[in-house]
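These notes concern the structure reproduced below.
Protein chains: 2
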Amino acid sequence: MSEVNALKNDDTPKRVGSPVFQFSNSVDCVIFGYDAGVLKVLLIKSDLPQFFGQWSVLGDHVLVDEDLDRASYRVLRERTGLTNMFLEQVKTFSAIDRHPNGRVITTAYISLVNVKDHQLNILDNELQWHPVADVTTMAFDHKLILDTCLSTLRKKIQEEPIIFNLLEKKFSLRDLQLLFEEILHIEFDRRNFRKKLFATGMLKDEHEMESGVPHRPGKLYSFNKEAFEKVKGKSFVGLQF
Amino acid sequence: MSEVNALKNDDTPKRVGSPVFQFSNSVDCVIFGYDAGVLKVLLIKSDLPQFFGQWSVLGDHVLVDEDLDRASYRVLRERTGLTNMFLEQVKTFSAIDRHPNGRVITTAYISLVNVKDHQLNILDNELQWHPVADVTTMAFDHKLILDTCLSTLRKKIQEEPIIFNLLEKKFSLRDLQLLFEEILHIEFDRRNFRKKLFATGMLKDEHEMESGVPHRPGKLYSFNKEAFEKVKGKSFVGLQF
DNA sequence: ACAAAAGTGTTCAAATTACACCCATGG
DNA sequence: CCATGGGTGTAATTTGAACACTTTTGT
Numbered sequence: 020m021s022e023v024n025a026l027k028n029d030d031t032p033k034r035v036g037s038p039v040f041q042f043s044n045s046v047d048c049v050i051f052g053y054d055a056g057v058l059k060v061l062l063i064k065s066d067l068p069q070f071f072g073q074w075s076v077l078g079d080h081v082l083v084d085e086d087l088d089r090a091s092y093r094v095l096r097e098r099t100g101l102t103n104m105f106l107e108q109v110k111t112f113s114a115i116d117r118h119p120n121g122r123v124i125t126t127a128y129i130s131l132v133n134v135k136d137h138q139l140n141i142l143d144n145e146l147q148w149h150p151v152a153d154v155t156t157m158a159f160d161h162k163l164i165l166d167t168c169l170s171t172l173r174k175k176i177q178e179e180p181i182i183f184n185l186l187e188k189k190f191s192l193r194d195l196q197l198l199f200e201e202i203l204h205i206e207f208d209r210r211n212f213r214k215k216l217f218a219t220g221m222l223k224d225e226h227e228m229e230s231g232v233p234h235r236p237g238k239l240y241s242f243n244k245e246a247f248e249k250v251k252g253k254s255f256v257g258l259q260f
Numbered sequence: 020m021s022e023v024n025a026l027k028n029d030d031t032p033k034r035v036g037s038p039v040f041q042f043s044n045s046v047d048c049v050i051f052g053y054d055a056g057v058l059k060v061l062l063i064k065s066d067l068p069q070f071f072g073q074w075s076v077l078g079d080h081v082l083v084d085e086d087l088d089r090a091s092y093r094v095l096r097e098r099t100g101l102t103n104m105f106l107e108q109v110k111t112f113s114a115i116d117r118h119p120n121g122r123v124i125t126t127a128y129i130s131l132v133n134v135k136d137h138q139l140n141i142l143d144n145e146l147q148w149h150p151v152a153d154v155t156t157m158a159f160d161h162k163l164i165l166d167t168c169l170s171t172l173r174k175k176i177q178e179e180p181i182i183f184n185l186l187e188k189k190f191s192l193r194d195l196q197l198l199f200e201e202i203l204h205i206e207f208d209r210r211n212f213r214k215k216l217f218a219t220g221m222l223k224d225e226h227e228m229e230s231g232v233p234h235r236p237g238k239l240y241s242f243n244k245e246a247f248e249k250v251k252g253k254s255f256v257g258l259q260f
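Quick note, the sequences are listed as chains A and B, same order.
The first sequence begins at 20 in this note's numbering and counts up one residue at a time.
The second sequence begins at 20 in this note's numbering and counts up one residue at a time.
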């Protein structure tokens, strides 16, 4: 208790320490994209001289009049031009020495965007897509943040239909399967995969075909959000451990 | 970008805003316990006059020389005397007006403790166990925090063997089943439940029986951590959505 | 015509569910 | 002896896994 008592700053008997307004908070957005069959992450060359030449995920300090969700939304809007992206809090990182300029606590967000989206204008050439598998060292603790978000991504795509955010609006079943396989590093049997996905009722037949492919074109589907919303509440109780 | 530019405090062209060390960070520990067949949460009467008479979960401000994990660990140690409890970060809450004294961002932790643990000494009568189902309004945004942690608990006990933290070291299968049922609000078939749990290999037969029960005594088991560690890595790929 | 992937069913194994009787203990 | 829950097995159903051939398109 000694540290706590040492920080008390009035006479009121308090059970806990008093606020110490000496922290800065930031958000870091791990933005995943999928291009040419490869899972990618959007990185920027670090601002700080201490990390010169190293890449980091997109972040910014939280402003005093915004919450974390808004801050991360702002970062994505400013960087990519997108405004309706999938964005979700993952974890908060708080190692004492994680930021050279002082005590900065950062909350990591995961975002899934469609790289081919027309709104997505990345002109800044200090901002680039990197294949996730090629990223080794990064500025700050961003490698840890990236790895954590990648684990979260792997888990979440199996629990919720968020993977569609990485594809264009209309996609073939092959696109979808290859994307699952790229992220999870496993291979699915094509027939079983199709059966399973159709069974969810989440695929809307767009009654269109691929074009320009050097083989028999596949049908195009889109994510049927309405159908998913209806089934969503289903209680899953497996005790799978 | 206007807000960001407004906060720049030097001449260096920066892509992002500069740190604003005007925040306080706290941790809030949602401590779950299980007693008399009821899931409970450990709450304390609020410190603040604004929330007089209302209950809140156990929290404290993060000190400038500790990270969030250490801060939450400290809170639990100081409050309950326990030192080796299950403790895991859940989510960070950051609404601008969540704390009346200023901009306090809090990170919620979930903890599972054994209420009957001998180390657990709760003398302070402003600190009490409440049945989770009875908690309605709370101080700050703590009801939201509690609800979030309860959802997380429900999900996690189905994915990882953390539920054993709520039971005494030796327990009967009945204890375990009732606890699952209490948390998930569903009922299991007793035979299937036993089959499933035995199949995990995580139950170690303690070759002891219950005593003092007004019916045929059941065998006592403990959680076989070693057996679990071996099986843990098994790749689960279900695409269950 | 060839290469490449689309589309499509069945069979087998495994997991899950539903279900009922006798047993041991305390009161 | 009665009430309460302990302990056990089997059959039916559902789900998941493995597997091959024909079709369509571009080159």
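Think of the CB as a built atom: it goes at the ideal place given N, C-alpha and C, for glycine as much as any other residue.
Quiz prompt | 8 Å Cβ cut-off: residues of chain B touching alanine 114 of chain A | solution = Residues of chain B passing the Cβ test: Asp86.
Quiz item: With a cut-off of 8 Å, does the C-beta of valine 83 of chain B fall near any C-beta of chain A?
Solution: Cβ-Cβ to chain A under 8 Å: yes for valine 83 of chain B.
Practice problem: Answer yes or no: does any C-beta atom of chain A fall closer than 8 Å to that of histidine 80 of chain B? | Solution: When Cβ-Cβ separations below 8 Å define contact, histidine 80 of chain B makes contact with chain A.
Quiz item: Quick check: the segment 42-52 of chain A against the segment 123-142 of chain A, are there 3 or more CB pairs under 8 Å?
Solution: As far as the Cβ criterion goes, the segment 42-52 of chain A touches the segment 123-142 of chain A, which means the pair count is three or higher.
Quiz item: Beta-carbon of lysine 162 of chain B versus every beta-carbon of chain A: anything under 8 Å?
Solution: With a threshold of 8 Å between beta carbons, lysine 162 of chain B makes no contact with chain A.
Exercise. Using a Cβ cut-off of 8 Å (strictly closer), state whether isoleucine 50 of chain A contacts chain B.
Key: Judged by the 8 Å Cβ criterion, isoleucine 50 of chain A is not in contact with chain B.
Quiz item: Which value, in whole angstroms, describes the spacing of the CA atoms of glycine 231 of chain A and serine 91 of chain B?
Solution: Cα-Cα distance, rounded: 57 Å.
Exercise. Inspect the beta-carbon positions of glycine 100 of chain B and asparagine 144 of chain B and report whether they are closer than 8 Å.
Key: Contact flag unset, no.
Quiz item: Hey, does asparagine 211 of chain B have any beta-carbon neighbour from chain A nearer than 8 Å?
Solution: Closer than 8 Å: no.
Quiz item: Any Cβ of chain A within less than 8 Å of the Cβ of serine 37 of chain B?
Solution: Serine 37 of chain B belongs to the set of residues whose beta carbon lies under 8 Å from a beta carbon in chain A.
Quiz item: Going by the beta-carbon positions, is the gap between lysine 188 of chain A and serine 241 of chain A smaller than 8 Å?
Solution: For lysine 188 of chain A and serine 241 of chain A, yes; Cβs fall inside 8 Å.
Exercise. Give me the Cα-Cα distance between valine 94 of chain A and valine 76 of chain B, rounded to the nearest whole angstrom.
Key: Roughly 32 Å separates the two Cα atoms.
Practice problem: Measure the C-alpha to C-alpha separation of leucine 18 of chain B and arginine 213 of chain B and round it to an integer number of angstroms. | Solution: For residue 18 of chain B there is no data in the structure shown, the boundaries of chain B being 20 and 260.
Quiz item: Quick one: complete beta strand (DSSP E) runs, 3+ long, within the segment 141-218 of chain B?
Solution: Within the segment 141-218 of chain B, complete beta strand (DSSP E) segments of at least 3 residues are found at 146-150, given in chain order.
Quiz item: Residues bridged to aspartate 116 of chain A by DSSP?
Solution: According to DSSP, aspartate 116 of chain A shares a beta bridge with no other residue.
Quiz item: Under a three-way DSSP split, which group does proline 32 of chain B fall into?
Solution: In this prediction, proline 32 of chain B has a pLDDT of 43, which is less than 50 and means its spatial position is unreliable; nothing more can be read from the coordinates.
Quiz item: Would you say serine 65 of chain A faces chain B, with C-beta separation under 8 Å as the test?
Solution: For serine 65 of chain A, no Cβ of chain B is located within less than 8 Å of the residue's own Cβ.
Quiz item: Is there contact here, the segment 189-209 of chain A with the segment 53-68 of chain A, by at least three beta-carbon pairs under 8 Å?
Solution: Under the Cβ criterion (8 Å, minimum of three pairs), the segment 189-209 of chain A counts as touching the segment 53-68 of chain A.
Quiz item: Nearest-angstrom Cα distance between lysine 238 of chain B and leucine 216 of chain B?
Solution: One Cα belongs to lysine 238 of chain B, the other to leucine 216 of chain B, and the distance between them is close to 14 Å.
Exercise. List the residues of chain B that lysine 110 of chain A touches, going by C-beta distances under 7 Å, in chain order.
Key: Going along chain B in sequence order, the residues near lysine 110 of chain A (Cβ under 7 Å) are Gln108.
Quiz item: Which chain A residues are close to valine 123 of chain B, counting only those with a beta carbon under 7 Å from its beta carbon?
Solution: By Cβ distance, chain A contributes Pro38.
Quiz item: What in chain B is Cβ-close to phenylalanine 42 of chain A, meaning under 7 Å?
Solution: The contacting residues are Phe40, Phe42, Ser43, Asn44.
Quiz item: Secondary structure at threonine 99 of chain B, three-state DSSP: helix, strand or coil?
Solution: Helix at threonine 99 of chain B.
Quiz prompt | CB contact below 8 Å: asparagine 24 of chain B versus chain A | solution = Low confidence applies to asparagine 24 of chain B: its pLDDT is 37, below 50, so where it sits in the model is not reliable, and the reading given next is rough at best. It does not; no Cβ of chain A falls within 8 Å.
Practice problem: Identify, in the order they occur along the chain, each residue of the same chain with its Cβ nearer than 7 Å to the Cβ of lysine 175 of chain A, setting aside the five sequence neighbours on each side. | Solution: So the qualifying residues of the chain are Ile181.
Quiz item: When DSSP labels each residue in this structure, what does alanine 55 of chain B get in the three-state scheme?
Solution: It is coil, neither helix nor strand.
Quiz prompt | Short CB-CB distance (under 8 Å) between lysine 215 of chain B and chain A | solution = At a cut-off of 8 Å between C-beta atoms, lysine 215 of chain B counts as an interface residue with respect to chain A.
Quiz prompt | Interfacial residues, the segment 218-244 of chain A to chain B, with Cβ spacing under 7 Å | solution = If the cut-off is 7 Å between Cβ atoms, the segment 218-244 of chain A has Thr219 near chain B.
Practice problem: Could you tell me whether the Cβ of threonine 126 of chain A comes closer than 8 Å to any Cβ of chain B? | Solution: Under the 8 Å criterion on CB atoms, threonine 126 of chain A is classed as interfacial with respect to chain B.
Self-check item: Residues bridged to valine 134 of chain A [DSSP beta-bridge criterion]
Solution: None; valine 134 of chain A has no bridge partner.
Quiz item: What is the residue span of the beta strand (DSSP E) that methionine 228 of chain B lies within?
Solution: Segment 222-228, the beta strand (DSSP E) holding methionine 228 of chain B.
Quiz prompt | Distance CB(glutamate 178 of chain A)-CB(glutamine 259 of chain B) smaller than 8 Å | solution = Yes; because the gap between Cβ atoms is below 8 Å, this pair is in contact.
Practice problem: Leaving aside the five residues before and after arginine 96 of chain B along the sequence, list all residues of the same chain whose C-beta is less than 7 Å from its C-beta, in chain order. | Solution: So the list reads Thr102, once near-sequence residues are dropped.
Quiz item: If we count Cβ pairs, one from each stretch, closer than 8 Å, do we get three or more for the segment 146-154 of chain A versus the segment 61-75 of chain A?
Solution: Taking a cut-off of 8 Å for Cβ pairs, the segment 146-154 of chain A and the segment 61-75 of chain A touch, as three or more such pairs fall below it.
Quiz item: Checking contacts by CB at 8 Å: is asparagine 140 of chain B closer than that to chain A?
Solution: For asparagine 140 of chain B, the nearest beta carbon of chain A is not closer than 8 Å to its own beta carbon.
Quiz prompt | Short Cβ contact (8 Å threshold) for serine 113 of chain A with leucine 87 of chain B | solution = It is a contact, given that the beta carbons lie within the stated cut-off.
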